[in-house]
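See structure below.
There are 2 protein chains.
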Amino acid sequence: MALFDNKDRTNIEELGEFGLINYLTKNIKLTQKSTIKGVGDDAAVLDFEGKRTLISTDLLLEGIHFDLAYTPLKHLGYKAIQVNLSDIYAMNGTASQVTVSIGISSKFPLDAVEELYEGIYLACDNYNVDLVGGDTSSSKQGLVISVTSIGYADEKDVVYRNGAEEGDLLCVSGDLGGAYVGLQLLEREKLIYLENPNIQPDLEGKDYIVERQLKPEARRDIIDLLKEINVKPTSMIDISDGLASEILHICKESNKGCNLYEEKIPLDPMTFETAREFNLDPTVCALSGGEDYELLFTVKQADYDQIKFKMDITIIGYITEPAAGCNLITKSGNQHPLTAQGWNAFKKQE
Amino acid sequence: MALFDNKDRTNIEELGEFGLINYLTKNIKLTQKSTIKGVGDDAAVLDFEGKRTLISTDLLLEGIHFDLAYTPLKHLGYKAIQVNLSDIYAMNGTASQVTVSIGISSKFPLDAVEELYEGIYLACDNYNVDLVGGDTSSSKQGLVISVTSIGYADEKDVVYRNGAEEGDLLCVSGDLGGAYVGLQLLEREKLIYLENPNIQPDLEGKDYIVERQLKPEARRDIIDLLKEINVKPTSMIDISDGLASEILHICKESNKGCNLYEEKIPLDPMTFETAREFNLDPTVCALSGGEDYELLFTVKQADYDQIKFKMDITIIGYITEPAAGCNLITKSGNQHPLTAQGWNAFKKQE
Numbered sequence: 001m002a003l004f005d006n007k008d009r010t011n012i013e014e015l016g017e018f019g020l021i022n023y024l025t026k027n028i029k030l031t032q033k034s035t036i037k038g039v040g041d042d043a044a045v046l047d048f049e050g051k052r053t054l055i056s057t058d059l060l061l062e063g064i065h066f067d068l069a070y071t072p073l074k075h076l077g078y079k080a081i082q083v084n085l086s087d088i089y090a091m092n093g094t095a096s097q098v099t100v101s102i103g104i105s106s107k108f109p110l111d112a113v114e115e116l117y118e119g120i121y122l123a124c125d126n127y128n129v130d131l132v133g134g135d136t137s138s139s140k141q142g143l144v145i146s147v148t149s150i151g152y153a154d155e156k157d158v159v160y161r162n163g164a165e166e167g168d169l170l171c172v173s174g175d176l177g178g179a180y181v182g183l184q185l186l187e188r189e190k191l192i193y194l195e196n197p198n199i200q201p202d203l204e205g206k207d208y209i210v211e212r213q214l215k216p217e218a219r220r221d222i223i224d225l226l227k228e229i230n231v232k233p234t235s236m237i238d239i240s241d242g243l244a245s246e247i248l249h250i251c252k253e254s255n256k257g258c259n260l261y262e263e264k265i266p267l268d269p270m271t272f273e274t275a276r277e278f279n280l281d282p283t284v285c286a287l288s289g290g291e292d293y294e295l296l297f298t299v300k301q302a303d304y305d306q307i308k309f310k311m312d313i314t315i316i317g318y319i320t321e322p323a324a325g326c327n328l329i330t331k332s333g334n335q336h337p338l339t340a341q342g343w344n345a346f347k348k349q350e
Numbered sequence: 351m352a353l354f355d356n357k358d359r360t361n362i363e364e365l366g367e368f369g370l371i372n373y374l375t376k377n378i379k380l381t382q383k384s385t386i387k388g389v390g391d392d393a394a395v396l397d398f399e400g401k402r403t404l405i406s407t408d409l410l411l412e413g414i415h416f417d418l419a420y421t422p423l424k425h426l427g428y429k430a431i432q433v434n435l436s437d438i439y440a441m442n443g444t445a446s447q448v449t450v451s452i453g454i455s456s457k458f459p460l461d462a463v464e465e466l467y468e469g470i471y472l473a474c475d476n477y478n479v480d481l482v483g484g485d486t487s488s489s490k491q492g493l494v495i496s497v498t499s500i501g502y503a504d505e506k507d508v509v510y511r512n513g514a515e516e517g518d519l520l521c522v523s524g525d526l527g528g529a530y531v532g533l534q535l536l537e538r539e540k541l542i543y544l545e546n547p548n549i550q551p552d553l554e555g556k557d558y559i560v561e562r563q564l565k566p567e568a569r570r571d572i573i574d575l576l577k578e579i580n581v582k583p584t585s586m587i588d589i590s591d592g593l594a595s596e597i598l599h600i601c602k603e604s605n606k607g608c609n610l611y612e613e614k615i616p617l618d619p620m621t622f623e624t625a626r627e628f629n630l631d632p633t634v635c636a637l638s639g640g641e642d643y644e645l646l647f648t649v650k651q652a653d654y655d656q657i658k659f660k661m662d663i664t665i666i667g668y669i670t671e672p673a674a675g676c677n678l679i680t681k682s683g684n685q686h687p688l689t690a691q692g693w694n695a696f697k698k699q700e
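Protein chains in written order, with this note's numbering: chain A, 1 to 350; chain B, 351 to 700.
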């Protein structure tokens, strides 16, 4: 699990900033019609021909958002892009460009930076977006990654968080809680490794949830699917902080309440089993775990027939009048107010 | 010079992430017609009605780009925005929106974050741009600020780095080297303070160069002026790394050479005197100091009459054929190849 050995390698300080930028950007291929000019001037130049332009940005910090002890750099680069594209899809838009800024120790070996960018380029390639700019800086304090993504949509297609109406169906893509349970597994293996570096990490058979944590995929396919079946969500958000937190965002912004059914929350069997191994409630992992990067959205009841047999979409509840509040209906039929424990890096640990 | 005392203050951890976001964004006023939706959804939504969209991004890290020992947070917030807008103006564009992401210790007092944002909002207000998004994260490793700016321009107005032609005049706005000399002054006072905290910093009469370092202004006025006098630069770049480095960028991208005249490089008398006090060559401060955020641009000789009497624009040389190379003609008439010592955070110190 040790990331860096002591082999002789080219360090970044030997290249300098412009050398590093040239090195990292020499293989960029621009494929988007809307990209007029990418890396290499004071600003990127884009042309969206009158469509709505969508902008989203995320900051990833070592020790907060990722742990290099168990995060392969290629995966990290891939995830940094996905996390951002996810926000553009959550507006029902098409992602088209990203900028990537990194702060990195000058002692970092060049092939490590290259690995990071391999993941970045792979994500750009897989999701058909152009890398059009960024900033590269020396960092004294660990790895910093800041990504801004740019996308577009027709005015009529943009979906906000505030459009949910009473009676709308609450839907979610994929399954939830896996990224959080995967993280527990990686943290456990790290502790074991730190106690005894001779013990190899035991992640056998856990690929799915480990991958949910390390290499999430933004759900562009769901956006495509919804377009294909002619369903425009009334509201949408991506699940980065946990299902509960995101539902509360939609209800607050839409000024509505909701009923969420615990038994409907989609869980992968591996998430369920592994949560149990850790004495965690799988439902809580889905509600509060976060980092699933699935889409939460509401659709009109009239769209029920279009949605109901879609393998990768689950109806988990419905929107109510605001006075009814946001409720979780448990498997045993009890009703509890929905609260966001959420992942919250700032809050004091209780 | 101590930034934080131990008075009882609200810390960020008491607010939590969403509390902090609400707190920081509650006073945002959107004024740009192109801003359809700002903070508060997965992405900002912009509408540029067919104009070229310009995107630029910068990452500022504590200990690399700023030192909180002598940087007031309000100034830091202001500068973080200016640094970015400068890139949009350097494309001959109009800046219209910014996103701001910060990574900050949860032990940071709330009124310190507020000060930082006061500077951010002041800059947005002065330069007529909307703050439309961002990300707020806990940081274990000092303050991190990532800004992305968005602007627009008509297709015919965009100015790249690669358009300089033989015979074009090399021009620069304002005066150079002040930010670097101001930094030397601040660093000296910091050392004196660290040795003896009872000695007050002696910056009297040095306001101009201290302000050049701590509170630069992006040159939107120059862009406006050039439009007013109907001069479109053939190439342009902003001076962040030092005059020499930026000239070399323009010459490289345009595949041209140049002659730069040392005696023409605009220096403020205070920059000159203070550089001398530090036994620094004022010309070297201008060539390699950086952070002046002035504009370097080339114009056709035909535009000479329009440019020559403009107080805040200086003609410092001209563009030549590429084979002639990039040369500095010294005051004594000697010719030296122009080299970029530049500010380079990655390079090993010699």
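Using N, Cα and C, we set each Cβ at its ideal position, and we do this for glycine too.
A quick note: this is a predicted structure, and the numbers were derived from the prediction, not measured.
Inter-residue CB distance, Gly453 of chain B and Val494 of chain B (contact presumed, cutoff 8 Å): In this structure Gly453 of chain B touches Val494 of chain B by the C-beta definition: roughly 4 Å separates them, less than 8 Å.
The stretch 308 to 333 of chain A: positions lying closer than 7 Å to chain B by Cβ: Listed by position, the residues of the stretch 308 to 333 of chain A near chain B (Cβ gap below 7 Å) amount to none.
Supposed close pair Ser496 of chain B, Ser149 of chain A - CB separation, criterion 8 Å: That pair is no contact at about 13 Å.
Listed by chain order, chain B residues near Lys140 of chain A by CB distance under 7 Å: Ordered by position in chain B, the residues that pass the 7 Å Cβ test against Lys140 of chain A are Gly413 and Ile414.
The stretch 244 to 264 of chain A / the stretch 317 to 326 of chain A touching (three or more Cβ pairs under 8 Å): Short answer: they touch.
Given Asp437 of chain B as reference, the closest of B:Leu396, B:Ala594 and B:Arg511 once Cα atoms are compared: Here the closest residue by C-alpha is B:Arg511.
Neighbourhood of Tyr502 of chain B by C-beta distance below 8 Å, restricted to the same chain and skipping five residues each side: Hits under 8 Å: Ser384, Phe398, Lys401, Arg402, Thr403, Leu404, Gly443, Thr444 and Ser446.
Listed by chain order, chain A residues near Phe398 of chain B by CB distance under 7 Å: Correct list: Phe48 and Thr53.
Nearest-angstrom Cα separation, counted from Glu464 of chain B out to Leu374 of chain B: Answer to the nearest angstrom: the Cα atoms are 7 Å apart.
Inter-residue CB distance, Lys556 of chain B and Met620 of chain B (contact presumed, cutoff 8 Å): The beta carbons of Lys556 of chain B and Met620 of chain B sit about 7 Å from each other, so the pair counts as a contact at 8 Å.
For Tyr668 of chain B, the first and last residue of its enclosing beta strand (DSSP E): Unbroken beta strand (DSSP E) run through Tyr668 of chain B: Ile663 to Thr670.
Spatial distance of Leu553 of chain B from Lys424 of chain B (CA atoms): Rounded to whole angstroms, the separation of the alpha carbons of Lys424 of chain B and Leu553 of chain B is 19 Å.
Residue-chain proximity (Thr31 of chain A, chain B), Cβ-Cβ < 8 Å: Output row for Thr31 of chain A: interface = no.
Beta-carbon gap between Leu243 of chain A and Ala179 of chain A smaller than 8 Å: Pairing Leu243 of chain A with Ala179 of chain A gives a Cβ-Cβ distance that is not under 8 Å.
Continuous alpha helix (DSSP H) stretch holding Ser254 of chain A: start and end: Boundaries of the alpha helix (DSSP H) harbouring Ser254 of chain A: Leu243 to Ser254, taken from the DSSP string.
DSSP state of Met351 of chain B mapped onto helix, strand, coil: For Met351 of chain B, the predicted model reports a pLDDT of 38, less than 50, meaning its position is unreliable; a value from the coordinates is still stated below. Looking at Met351 of chain B - three-state DSSP - the assignment turns out to be coil, as it is neither helix nor strand.
8 Å Cβ cutoff, Pro337 of chain A in contact with chain B: No, its Cβ sits nowhere closer than 8 Å to a Cβ of chain B.
Rounded separation between Lys660 of chain B and Thr99 of chain A - CA only: So the two alpha carbons sit approximately 36 Å from each other.
Own chain partners of Ala164 of chain A with C-beta closer than 6 Å, once the 5 adjacent residues on each side are dropped: Short of 6 Å from the beta carbon of Ala164 of chain A, and not among the five residues preceding or following it, lie these beta carbons of its own chain, in chain order: Thr234, Ser235, Ile250, Ser254, Lys256, Thr298 and Ile319.
Buried or exposed by the 16-neighbour rule on C-beta atoms within 10 Å, applied to Leu544 of chain B: Leu544 of chain B is exposed by the Cβ-count criterion.
Span separating the alpha-carbon of His415 of chain B from that of Pro459 of chain B: In a straight line, the C-alpha of His415 of chain B is about 21 Å away from that of Pro459 of chain B.
Nearest candidate by alpha-carbon position, reference Ala90 of chain A, set A:Leu59, A:Val39 and A:Asp224: The candidate whose alpha carbon is nearest that of Ala90 of chain A is A:Asp224.
Spatial neighbours of Pro322 of chain A in its chain, beta-carbon cut-off 6 Å, leaving aside the 5 residues before and after: Asn255, Lys256 and Gly257.
8 Å Cβ cut-off: residues of chain A touching Tyr471 of chain B: For Tyr471 of chain B, no chain A residue has a Cβ inside 8 Å of its Cβ, as the nearest lies near 18 Å away.
Chain-ordered chain A contacts of Asp392 of chain B [CB-CB under 7 Å]: Within 7 Å Cβ-Cβ: Ser56, Asp87, Ala90, Met91, Ile237 and Asp238.
Short CB-CB distance (under 8 Å) between Ser146 of chain A and chain B: By the rule that beta-carbons nearer than 8 Å mark a contact, Ser146 of chain A touches chain B.
Chain-ordered chain B contacts of Ser101 of chain A [CB-CB under 8 Å]: Contact note: Ser101 of chain A reaches chain B through Thr407, Asp408, Leu409 and Ser496, using a C-beta cutoff of 8 Å and chain order.
Beta-carbon proximity of Leu170 of chain A to Glu294 of chain A, cut-off 8 Å: Judged by their CB atoms, Leu170 of chain A and Glu294 of chain A are not nearer to each other than the 8 Å cut-off.
Chain-order list of residues whose beta-carbon lies under 6 Å from that of Val433 of chain B (same chain, five-residue window excluded): Cβ-Cβ distances below 6 Å link Val433 of chain B to Asp408 in the same chain, with the five nearest sequence neighbours on each side left out; the list follows chain order.
Within chain B, partners of Asp135 of chain A - CB distance below 7 Å: Those are Thr407, Asp408 and Leu409, listed as they occur along chain B.
Span of the alpha helix (DSSP H) around Gly369 of chain B: Run containing Gly369 of chain B: Ile362 to Thr375, per the alpha helix (DSSP H) assignment.
Classification of Phe4 of chain A by the beta-carbon crowding that lies within 10 angstroms, buried from 16 upward: With a pLDDT of 39 at Phe4 of chain A, under the threshold of 50, the modelled position of that residue is not reliable, and the figure given next carries that caveat. The residue is exposed, with fewer than 16 neighbouring Cβ atoms inside 10 Å.
Closest Cα partner of Lys387 of chain B within the set B:Glu367, B:Ala690 and B:Gly483: Answer by Cα proximity: B:Gly483.
Ala43 of chain A, buried or exposed, once every other Cβ within 10 Å from all chains shown has been counted against 16: That one is buried.
Test item: CB-CB of Leu535 of chain B and Thr624 of chain B under 8 Å: With contacts defined by Cβ atoms closer than 8 Å, Leu535 of chain B and Thr624 of chain B form a contacting pair.
Whole-angstrom C-beta distance between Leu411 of chain B and Ser137 of chain A, which should lie under 8 Å: The C-beta distance from Ser137 of chain A to Leu411 of chain B rounds to 6 Å, short enough to meet the 8 Å contact threshold.
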